[in-house]
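Student:
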Amino acid sequence: LQTLRKNPDKTEKLLVDLEGGIKGTLADIRELVYGLRPPLLDQLGLMGAITNFVQQNESGVVIHVQMPPHLPLLNAAIEVAVYRIVQTSVDNVIKHAQAQNCQVRLTVAENMLCVEITDDGIGISPDFRAGVGLTSMRERTEELGGTFAIADIKLSGTRLTASIPFLSASDSVESSNS
287 LQTLRKNPDK TEKLLVDLEG GIKGTLADIR ELVYGLRPPL LDQLGLMGAI TNFVQQNESG
347 VVIHVQMPPH LPLLNAAIEV AVYRIVQTSV DNVIKHAQAQ NCQVRLTVAE NMLCVEITDD
407 GIGISPDFRA GVGLTSMRER TEELGGTFAI ADIKLSGTRL TASIPFLSAS DSVESSNS
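Adding 286 to a residue's 1-based position in the sequence shown gives its number in this note's numbering.
(1) List in chain order: all unbroken alpha helix (DSSP H) runs of 4+ residues lying wholly within the region 308 to 381.
(2) Using the beta-carbon count (16 or more within 10 Å), is ILE364 buried or exposed?
(3) How would you label VAL401, buried or exposed, when you count the other beta carbons within 10 angstroms and need 16 or more for buried?
(4) Hey, out of PRO358, LEU326, SER345 and ASP405, whose CA is closest to GLY443's CA?
(5) DSSP three-state label for ASP413, please.
(6) Is the Cβ-Cβ distance between ILE439 and GLY409 less than 8 Å?
(7) Quickly, what does DSSP pair GLN389 with across the bridge? List them, please.
(8) What does DSSP give as the partner residue(s) for MET423 in the beta ladder?
(9) Can ALA367 and ARG426 be called in contact, C-beta distance under 8 Å?
(10) Can you give me the C-alpha to C-alpha distance between THR421 and ASP295, rounded to a whole angstrom?
(11) I'd like the list of long-range same chain contacts for LEU332, defined as Cβ closer than 8 Å, with 5 residues on each side in sequence excluded.
(12) Please state whether the Cβ-Cβ distance between ILE380 and SER411 is less than 8 Å.
(13) Rounding to the nearest angstrom, what Cα-Cα distance links VAL390 and LEU327 in this structure?
Structure, rendered in structure tokens:
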């Protein structure tokens, strides 16, 4: 209060700095929350969030999305993992694959959700080493009891698959009644 009366210029600078700090903290909190569960998953569902992401990131690579008309009820961890796998994989195709086309495909069979991303790019080099993105996709898949693979396609390109088990709605009802 004394600084305000004696030195209004210094007070104004302190308030501007404080306001900047608060805005920065809020941005950090938003980023942290987004990292935990992207709001698009709640707003649009998994299929809508994937479609939205692809539409926002189609630049130089044509991205085709193929999904079933309906997905089973999935828990939040699976939704986040699948969304992040698609997001990271498509980012990798755009940045590294030198591809013209990318196919994102989700299929459901026997309580497994399979995510397959293929591209027609340069494939995997012989001295390839997994980076943070591939490692995190593998870890997300395996933490949920799934399997993860990435391989060259014979003629050209790369295929990434992540298969994640889920409980069907009837299985989760039965297990909660036990």
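Think of the CB as a built atom: it goes at the ideal place given N, C-alpha and C, for glycine as much as any other residue.
Here the structure is a predicted model, which means the values were calculated and not measured.
Tutor: Working from what's here:
(1) 325 to 343 and 362 to 378
(2) buried
(3) buried
(4) ASP405
(5) coil
(6) yes
(7) HIS350 and THR404
(8) MET423 pairs with nothing; no bridge assigned.
(9) yes
(10) 51 Å
(11) LEU357, LEU360, GLU365, VAL368 and TYR369
(12) no
(13) 17 Å
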